[in-house]
Every structure is written in structure tokens, then in C-alpha cells.
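Protein chains in written order, with the numbering used here: chain H, 3 to 215; chain V, 3 to 215; chain S, 3 to 215; chain G, 3 to 215.
We put the beta carbon where it would ideally sit given N, CA and C, even for glycine.
There are 4 protein chains.
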Amino acid sequence: MTDVARTTPQVEGRSARKRRAIMEAATGLFLRNGYQGTSMDEVAALAAVSKQTVYKNFTDKEQLFRDIILGATDRVGEFTEVVAQLAGTEDLEKDLGELARRYITVVIQPRTLQLRRLLIAEAGRFPAVARDYYQRAPGRTIDAFTDCFQKLADRGLLRIDDPSLAASHFAWLILSQPMDKAMFFGDEQQYTPAELQHFADEGVRVFLAAYRT
Amino acid sequence: MTDVARTTPQVEGRSARKRRAIMEAATGLFLRNGYQGTSMDEVAALAAVSKQTVYKNFTDKEQLFRDIILGATDRVGEFTEVVAQLAGTEDLEKDLGELARRYITVVIQPRTLQLRRLLIAEAGRFPAVARDYYQRAPGRTIDAFTDCFQKLADRGLLRIDDPSLAASHFAWLILSQPMDKAMFFGDEQQYTPAELQHFADEGVRVFLAAYRT
Amino acid sequence: MTDVARTTPQVEGRSARKRRAIMEAATGLFLRNGYQGTSMDEVAALAAVSKQTVYKNFTDKEQLFRDIILGATDRVGEFTEVVAQLAGTEDLEKDLGELARRYITVVIQPRTLQLRRLLIAEAGRFPAVARDYYQRAPGRTIDAFTDCFQKLADRGLLRIDDPSLAASHFAWLILSQPMDKAMFFGDEQQYTPAELQHFADEGVRVFLAAYRT
Amino acid sequence: MTDVARTTPQVEGRSARKRRAIMEAATGLFLRNGYQGTSMDEVAALAAVSKQTVYKNFTDKEQLFRDIILGATDRVGEFTEVVAQLAGTEDLEKDLGELARRYITVVIQPRTLQLRRLLIAEAGRFPAVARDYYQRAPGRTIDAFTDCFQKLADRGLLRIDDPSLAASHFAWLILSQPMDKAMFFGDEQQYTPAELQHFADEGVRVFLAAYRT
DNA sequence: TATGAATGAGCATTCATTCAT
DNA sequence: AATGAATGAATGCTCATTCAT
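In C-alpha cells, the structure reads:
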């Protein structure tokens, strides 16, 4: 009826539905148990699908893994757009603070953390996938920060020698403590919104103290 | 010369030598291939030792893993002592800069990075080991920074609300970029001493801009 | 003819057929070589089935063992019915003699003896299975004798203080010599029908001399 | 100094002591865990002896087993002498009752029962040992009963066609219930002396009812 | 197209026995 | 004579992948 309705497939073929079921099952298992800790039997069972179907859709365990990782970096684009908009800010401190809070909220999500752990774990076995993931997700965000800070420097709002390093500084001033612990402490660690805001605010404070003109 | 020298066994028994060989072999394999990617056969073969000997020394694959991880956090103490000495500094900027350069040099060593990756990878399977490692290695260093910064604040040299967060800031201002990439890019990434010094210096600059009185 | 007949599967599925083949193979091997003396490889090979199929059907070596033992006590019910009928006998001596001959014939079968030896052998490793087997097979028969003798005592045909002990006496007066030897002499010992009849008759004679009113 | 002193070794050589320790350790383990369930490592460890010593003393696991079984049938002779004396009894009922009580007391000992179970369990693997054991222990006792009953028949005190079968009848009239259960119920089953006496007395009663002149 | 079975290899672990020291 | 290590094979079990139905 509407344009949206036309472009969004309302009926998904049996086949596509199964494919999606497999990917969801496998994603959960890989995220929780790692590559070697996940068996194709489990995947098929959890997806309620025969093993043949898995193999017909994905050839290989490796391919299945690759496809899943690449499929799991969808919404990064949304955030980079937000970053890009910061370049035209009228109130740097306020907008940077807001950005920082959104940033830590997104990154600290269990799914994101698990994905990060999984890729770090499998970087040895899948160097290309790990590199790819880095460039699509955390790297892309850092790049967005880099571009943005360069523009703010051009506008005279920041004083920056090495914009890429400044971007890393910004990111890790915000994430350092929770991210470091999250890597080693599984999904147990939970932060309240107030704590996250504290990390964001303190990170921004330090960043501006050093980089504001 | 001294009695201590005499009582210290200069010759290592057959048994101890084999045990060491096994640990070295297993360390290398675990570091390179992960826990599941390493087989006890490989360990025995690389150590040039029979499987029996491996099992008689370590009971279990899990125990072998645990023992190795705990055995790999020996020299952390040396660095924390260096950190502690900073509290009495007469020239904060200079000594902090030196400390930063030592810090990044130690942390960026391939061995350290691999260990970090391994523990992150196995945090799901060995939560206790991962937590333990964190507390013995990166956590202990952060704690040393925390104590030191608190003392410097007491001496009026720094202005700090949350010393633990300041410690995290310091650490990650220095490590952020190389560490982030190292996690995803295997051991390929190599940094020149000059680059490392740049990371250290810039980190210190930002830190002092925000925390110096 | 009936609906039941129609719904009862006359053809056995592939799966069920394999399952049966595995059970038969494993039964033979366990009976001959014991639990520890039987390997899952052997079972699969003898059943002409892949190891996977064995494991998918039985989970475990222990489960396979348990299932086999429980499946091997099928026809005990038939005999206990015969025992029950004796309670209404019109000619005690004759009917008891007949029962005794049937009893020794059933019990002295190689299969029964092997099963008994196997369970005694594994009583330490599988106490629950051994207990279960006892209650389903020899114990159940003794119980049938007990009930029957109680009824005969009520009818005034026997004089019995402890019917359960009388049942044991009856059973072992018949079985004593051949069973004792069978336990230690493997399957070599063979008795002719005449010999078995002699054991039965003499057992009944002694029993009646002591218990008949 | 005395003859006793000379023939009885008062000092046992290191070697003999170790040999004894090994036999004791192995006996316990075989009895508890069976032949396959016992490893030579365990034996050596429990005997506090090196594996070499075990092998130097016993060549083989099989030999060790054989030696132990044969060494475990020492005191059977004592009982057969008691049986032999019954032949000259002046009060058959009383003396037979006493004998029965001694008999069940000896046979129902945990050690004896374990030995019996072990031999039954390993009859398939060690036919010769099982046969040998049977002839030295339960068989020898049955033979003693056989001889004794024959003599009593000759004296006109019993009326017996088949003395060997009568001996079996006697033995199992006494043992039937406790032995049958003991075979399947491990060492848990415990009988009070009163219960054992009941078994003995009832067995004797039935026996005499059938065999006394 | 989807299911059950097969393949063939691998892994952690244990064992009986023998060698070297 | 005794210990630690080695050998070499086996065992229970799992896995990724492929056939056959």
C-alpha cells in the first residue's frame, strides 16, 4: 500500500526464513561459546533445521562465521551520522557531552561487547574477518571522530596535531574503565546509566581540557 | 659468594626441566592457538616429552592452562614498584613521561598482547582465571597508578576527584590506539620506538592538561 | 482384523532396525566380555553401524548398558504366571514337580546364566542396575513362589512359618548344584534334560518332606 | 633357637615385606574394583612401591591376579576339618546345627563374598583361575560335606542316595537367601547374628526332615 | 528438500609394560 | 634395586562434512 510496504518484503520465503533462523541461532552460539565451542549440530538444532539446510545455505562453518560477523555490523552507520553532525555544533561542550553519552551507551551493550570479545578471540584464526570487523565497527567510529575533530579544528574550536590520535583519546577516555573490565569479566558487570554518564562526562572534561583552544 | 647462592639449586632436576619444557611448549601453543586450538598431543610433541609426563605433571588440560596463565604474570611486580616510586617525584612532567614510555614498551610486547587476547578469548570458559589474571596484571598496574596519583594529589601536584578513573585515563591515553589495533590485528602490527614514544608523550600531555593543578 | 492390528507398525523404520541391531550386538558383547571388556567401537562394528549412530541412540556407554539390562528381563512375567496358577493345584506333588522342571529349564539357559554373571560382576559399578535386575528377575520369581506358598499354606496343603524363606529354599533346592557350578565354570558345563529333571525331582522331594502337612 | 624360631621367619626381608605389601594392596583393589577396574599404578601407589618392584615380583598383571586369588584361599582347610569331625557325632541334630551356624558365619563375611563376586565376574577372562578357586574353596567345602554325609549314611544316621547333591542341598538350604542377595546388593546388606542363626536353623530343619532316617 | 546415517579423523585421558638412570 | 619417563596402543566421545533416501 505504501512505498514502505512495497520495498519491505512482507512474505519471506520458507528458504529465507530458515536462513534467518540459522543466522540467529549461530550468532547466539558463536557469541556465547566462540567459534570452536560451537558445533554445527547445535546450530542446526537451535535453528530447528536439518544440517543439510545449514550446509546448503552456508557451505562451511567458516563461511557461516564470516557471514554472521559481517551481518552483525549493521547499525554502526547510524551512529557515525550522529558524529558527523557534531562538526557543525554551536555548543561544543554540550554536544560533545551528549555524543559521549550516546557513544558509551551503544558500545557498552552486551551484544557489542560479546562481538568484540569474539573477534579478538578469533583474530588468530580469522585475521581477515577481524580486520574487516575492526574497519567496519570500532575503526569506522574512530574515523568519524577523526573527520569531525579535523573539521572542528578547522573551525578553530579545537587545537589538534594528530586528529586520529585525538579520536582514539576521545574514545578511550570515555570507554577505558568499563570496556577494560568488560573484556575480562564476562557479561556479569553491569553499569547503571548514572555511572555511564559519569564516564562520559569525565572523559569529555579531560578531552576538552587538553584539546580545546 | 653467599650462602644463598649455594643453596639455590644450580642444577635443575630432570623432572623440573621437563616440567619447564612442557610449560614453555604449552604457553607458546595456547598463546598462538588458544585453549581449544591446542591439543595435548601437540604440547607433548613440542616439549619433546611423552603424554604421560604431561599428565603426571599437570593432571588436566585445564590445570595446565591455569598454571601457565598464573605463571605468566611474574614480572608485573617490577613495574608496579617503578610506579610507586613516582609518588616522590621532584619533576612530575619528566618522570611521568619516562614512566609512560616504560609502560607502553612493556605492554606492547607481543607476549603481553597475546596473553591479553588469550584471556579475553577464554573469559567465557575460565571466568575465574580471567578475573584472576586481570587482577594480577592490568588491574594491579591500574591500582599502582591509582595509589600513586592519590599521593601526588595529596602533595598538591594533581587535582583528582576519582583517582581510579584518573588511573584508567592515564593508562588508556597512552595505550588506546596501539592496544585497540593490536587486539584485532594479530601480531603483525609493529611500532617503532619513536611511534611508541609519541603515544606516550601525547598521552602524558593530555593527562597533565586535565589533571595538573 | 482390529484397529490395533492396523495401527501396530508392521514395518520397522530404518532407525528402529538400527537401534535393535545395536542392542543385539551390545548385548552379546556385554554378556561375553563384561562392561569394561566391551568397547563402543566393537559394538558399532558388530552392529554394522557407525559410532555416531550408537551414540545418537544411546547417549552413553552406561545408558546403553542400562537399557540392555532392562530390556533383557522381558519374559520373566510368563513364568510368574505359571507359578501363580500353582496355588489352585489339585495335585500338589505332581504340579510342583512340573513347575520345578520348567523352572530349572528356564534358569539354566546360557543367556540367563550369562546375564546373572554379568550383573553380579557389575554390581559394584552399577548398584542400581543390579538391584533393579534382581527385583525384576530372580527376586520376582521368588516373590511369586512366596505368594503361591502362602496360598497353599492357607489351603492347608503346606506348613510354613516364613514363606519367603521357604521360597528361597525351594528355588535353591532345585538350582543349587548346577547354578553354583555355572557361575564359576563359564558356559562349558552342559546338563542333559535327564540330569535337570533329577535336580528338579530331588529338590521337590526335599521340599515336600519338610514343608508338606 | 627353638624349632619354631628356626622355621618361622621372624624377620622378613625388605623384599618379602614389599611383596606382601603389594599383595595386600592388590587384593583390596581387585576385590573392590575388579580386574579391569584396577590399574598397576594404583597397586604400586597403594603398596608404596615402585612399579618396577611390582613387575619384578609378579611379571604380569595376570600373574599378580592369579597369585592373589590362590593366596586368598588359605583358611578353608580349617573349616573342612570341622566338617570332617561331624562324621563321628553323638548328637546329629545339635552338631549339625552348630556346624551350620559356623558355616554361614564364615561364608557371609564380606571378604568371602567379595572374593566370590570377583571370581564370578572374571570367570570369562580367567577360566582356569575360577575353576581352581571353586575347587579350593566352595567346592572343597561341598566335598567335605559329601564325605561326611556319606559316613553318616554308612552309620545309618542319614538316608542318602546322592551324597554330593545332598551336600549341595545342605549348603544352599543354609545360604540361599543371604547369598543370593549378597551377590546383587554389594556389601550393603548386613545380617544380624540372630538372622544368620535363623537361616542356619531353618536350613538344618529342612535338611533333616528330608534326609534323616 | 530434508532427514538419518555414515565417514573419518581428532581429542582428552588412561593403561600395561619397558627403558634408562 | 628403584624411580621417572617413555612407548604405543586403546577408550569414550565429538566433530565437520557428505551420502542416501
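Check distances from the C-beta atoms of the region 64-95 of chain H to those of chain V and list, in chain order, the residues that come in under 8 angstroms. none
Determine the direct distance from the alpha carbon of V131 of chain V to that of Q137 of chain V, and round the result to whole angstroms. Residue mapping note: residue 137 of chain V aligns to position 135 of the second sequence, counting from 1. Residue mapping note: residue 131 of chain V aligns to position 129 of the second sequence, counting from 1. Taking the straight line joining both Cα atoms gives about 10 angstroms.
Could you spell out where the alpha helix (DSSP H) holding S166 of chain V opens and where it closes? Against the second sequence, residue 166 of chain V aligns to sequence position 164. Taken as a continuous stretch (DSSP letters only), the alpha helix (DSSP H) holding S166 of chain V covers P165 to F186.
Below 6 angstroms CB to CB, which residues in the same chain sit around S166 of chain H once its five sequence neighbours on both sides are set aside? Taking the first sequence and counting its residues from 1, the one referred to as residue 166 of chain H is at position 164. Counting only Cβ-Cβ distances below 6 angstroms, and skipping sequence neighbours, we find T148.
Over what stretch of residues does the alpha helix (DSSP H) that includes G79 of chain H continue unbroken? Sequence index remark: in the first sequence, residue 79 of chain H carries index 77 (1-based). Here the alpha helix (DSSP H) through G79 of chain H covers V78 to L88.
Less than 8 angstroms between CB atoms is the rule here; does T9 of chain G satisfy it with respect to chain S? Residue numbering aside, residue 9 of chain G sits at position 7 when the fourth sequence is read from its first letter. Reliability fails at T9 of chain G, whose pLDDT of 44 lies under 50, so the model's placement of it is uncertain and no value is given.
Using a beta-carbon distance below 8 angstroms, is D2 of chain G in contact with chain S? Not covered by the structure: residue 2 of chain G. The range shown for chain G is 3 to 215.
What does DSSP give as the partner residue(s) for R214 of chain H in the beta ladder? On the first sequence, position 212 is the one that residue 214 of chain H refers to. H:L160, per the DSSP bridge assignment.
Is it buried or exposed for I110 of chain S, if we count other Cβ within 10 angstroms and need 16 for buried? On the third sequence, position 108 is the one that residue 110 of chain S refers to. With 16 or more Cβ atoms within 10 Å of its Cβ, I110 of chain S is classed as buried.
Under a three-way DSSP split, which group does D93 of chain V fall into? For the purposes of this step, residue 93 of chain V is taken as residue 91 along the second sequence, with counting starting at 1. Here D93 of chain V sits in coil by DSSP.
Only counting the same chain, and skipping five residues up and downstream in sequence, which positions put a Cβ closer than 8 angstroms to that of V208 of chain V? Here residue 208 of chain V corresponds to residue number 206 of the second sequence, with the count starting at 1. Counting only Cβ-Cβ distances below 8 angstroms, and skipping sequence neighbours, we find L175.
Measuring alpha carbon to alpha carbon, tell me which of H:D182, H:K53, H:A155 and H:Y37 ends up nearest Y213 of chain H. For the purposes of this step, residue 213 of chain H is identified with residue 211 of the first sequence, where counting begins at 1. Comparing Cα-Cα distances from Y213 of chain H to each of H:D182, H:K53, H:A155 and H:Y37, the minimum goes to H:A155.
Considering only C-alpha positions, which residue in the set H:L72, H:A46 and H:L121 is nearest to R21 of chain H? The residue given as residue 21 of chain H occupies position 19 in the first sequence. Nearest C-alpha to R21 of chain H: H:A46.
Residue range of the unbroken alpha helix (DSSP H) whose run includes Q65 of chain S: Counting from 1 along the third sequence, the entry for residue 65 of chain S is found at position 63. Unbroken alpha helix (DSSP H) run through Q65 of chain S: K63 to G73.
Taking Cβ-Cβ distances shorter than 7 angstroms, what residues in chain V pair up with P129 of chain H? What you label residue 129 of chain H is simply residue 127 of the first sequence in a count that begins at 1. Result: G188.
Please return the same chain residues whose Cβ sits closer than 8 angstroms to the Cβ of V84 of chain V, not counting the five positions on each side in sequence. As a first step, residue 84 of chain V must be located in the second sequence, where it is residue number 82. Excluding positions up to five away in sequence, the list reads L101 and R104.
Does the beta-carbon of P112 of chain V have 16 or more other beta-carbons within 10 angstroms, so that it is buried, or is it exposed? For the purposes of this step, residue 112 of chain V is identified with residue 110 of the second sequence, where counting begins at 1. Exposed, because fewer than 16 other Cβ atoms sit within 10 Å of the Cβ of P112 of chain V.
Identify the contact partners of M185 of chain S in chain G, using a Cβ-Cβ distance below 9 angstroms as the criterion. Here the question's residue 185 of chain S lines up with position 183 in the third sequence. Within chain G, the residues near M185 of chain S are R118, L121, I122, A125, A132, Y136 and M185.
Close beta carbons around L48 of chain V, own chain, < 6 angstroms, minus the five adjacent residues each side: Taking the second sequence and counting its residues from 1, the one referred to as residue 48 of chain V is at position 46. Counting only Cβ-Cβ distances below 6 angstroms, and skipping sequence neighbours, we find A27.
In chain S, which residues lie less than 9 angstroms from G36 of chain G when you measure between Cβ atoms? Sequence index remark: in the fourth sequence, residue 36 of chain G carries index 34 (1-based). Within chain S, the residues near G36 of chain G are G36, Q38, A123, E124, G126 and R127.
Quick test of your reading: A125 of chain G and G188 of chain S, contact by CB under 8 angstroms. State the CB separation rounded to the nearest angstrom. Numbered from 1 along the fourth sequence, position 123 holds the residue referred to as residue 125 of chain G. Numbered from 1 along the third sequence, position 186 holds the residue referred to as residue 188 of chain S. A125 of chain G to G188 of chain S, Cβ: 6 angstroms. Contact.
Which residues of chain V have a Cβ atom closer than 9 angstroms to the Cβ of D182 of chain H, listed in chain order? One-based indexing of the first sequence puts residue 182 of chain H at position 180. Those within 9 angstroms of D182 of chain H in chain V are Y136, P140, G141, I144, S170, A173 and W174.
In whole angstroms, what is the alpha-carbon distance linking R142 of chain S and T61 of chain S? If you number the third sequence from 1, residue 142 of chain S lands on position 140. If you number the third sequence from 1, residue 61 of chain S lands on position 59. Those two C-alpha atoms are separated by around 30 angstroms.
Contacts around A23 of chain S, its chain only, beta-carbon distance under 8 angstroms, and the 5 residues preceding and following it disregarded: The residue given as residue 23 of chain S occupies position 21 in the third sequence. For A23 of chain S, where only same-chain residues beyond five positions count, the Cβ hits under 8 angstroms are A49, A50 and V51.
At the level of alpha carbons, what is the spacing between L98 of chain S and F128 of chain S? Along the third sequence, read from residue 1 onward, the residue named residue 98 of chain S stands at position 96. Along the third sequence, read from residue 1 onward, the residue named residue 128 of chain S stands at position 126. Taking the straight line joining both Cα atoms gives about 36 angstroms.
Between the beta-carbon of S178 of chain H and the beta-carbon of I144 of chain H, is there less than 8 angstroms? Here residue 178 of chain H refers to the residue found at position 176 when the first sequence is read from its first residue. Here residue 144 of chain H refers to the residue found at position 142 when the first sequence is read from its first residue. No; because the gap between Cβ atoms is not below 8 angstroms, this pair is not in contact.
Out of H:R161, H:D164 and H:A202, state which residue places its alpha-carbon closest to the alpha-carbon of M181 of chain H. In the first sequence, residue 181 of chain H corresponds to position 179, counting from 1. If we check each option's Cα against that of M181 of chain H, H:A202 comes out closest.
State buried or exposed for R161 of chain S, treating a residue as buried only when at least 16 other CB atoms are found within 10 Å of its CB. The count along the third sequence starts at 1 and reaches residue 161 of chain S at position 159. By the neighbour-count rule (16 or more Cβ atoms within 10 Å), R161 of chain S is not buried but exposed.
Here's a check: name, in chain order, each residue in its chain whose Cβ is nearer than 7 angstroms to the Cβ of P140 of chain V, leaving out the five neighbours to either side. Locating residue 140 of chain V in the second sequence gives position 138, where the first residue counts as 1. Excluding positions up to five away in sequence, the list is empty.
I want to see whether chain G comes within less than 8 angstroms of S41 of chain S, judged by CB atoms only; does it? As a working mapping, residue 41 of chain S is identified with position 39 in the third sequence. Not an interface residue.
If the cut-off is 7 angstroms on Cβ atoms, which residues from the region 192-205 of chain G count as contacting chain S, listed in chain order? E204
Which residue from H:T114, H:G205 and H:A184 puts its Cα closest to that of D76 of chain H? Numbered from 1 along the first sequence, position 74 holds the residue referred to as residue 76 of chain H. If we check each option's Cα against that of D76 of chain H, H:T114 comes out closest.
Residues of chain G with a CB under 7 angstroms from the CB of V45 of chain S: which are they? As a first step, residue 45 of chain S must be located in the third sequence, where it is residue number 43. Under the 7 angstroms cutoff, chain G gives no residues; its nearest Cβ is about 17 angstroms from V45 of chain S.
Got a sec, what are the start and stop residues for the alpha helix (DSSP H) V45 of chain V sits in? For the purposes of this step, residue 45 of chain V is taken as residue 43 along the second sequence, with counting starting at 1. Element bounds for V45 of chain V: M42 to A49.
Using a C-beta to C-beta distance shorter than 8 angstroms, which residues of chain H count as neighbours of R207 of chain V? Here residue 207 of chain V refers to the residue found at position 205 of the second sequence. Simply A212.
Nonlocal neighbours in the same chain, by C-beta distance under 6 angstroms from T9 of chain V, ignoring five residues either side: By 1-based counting over the second sequence, the position of residue 9 of chain V is 7. Only weak support is given to the placement of T9 of chain V: the predicted model assigns it a pLDDT of 40, under 50, and the value that follows is read from those uncertain coordinates. None.
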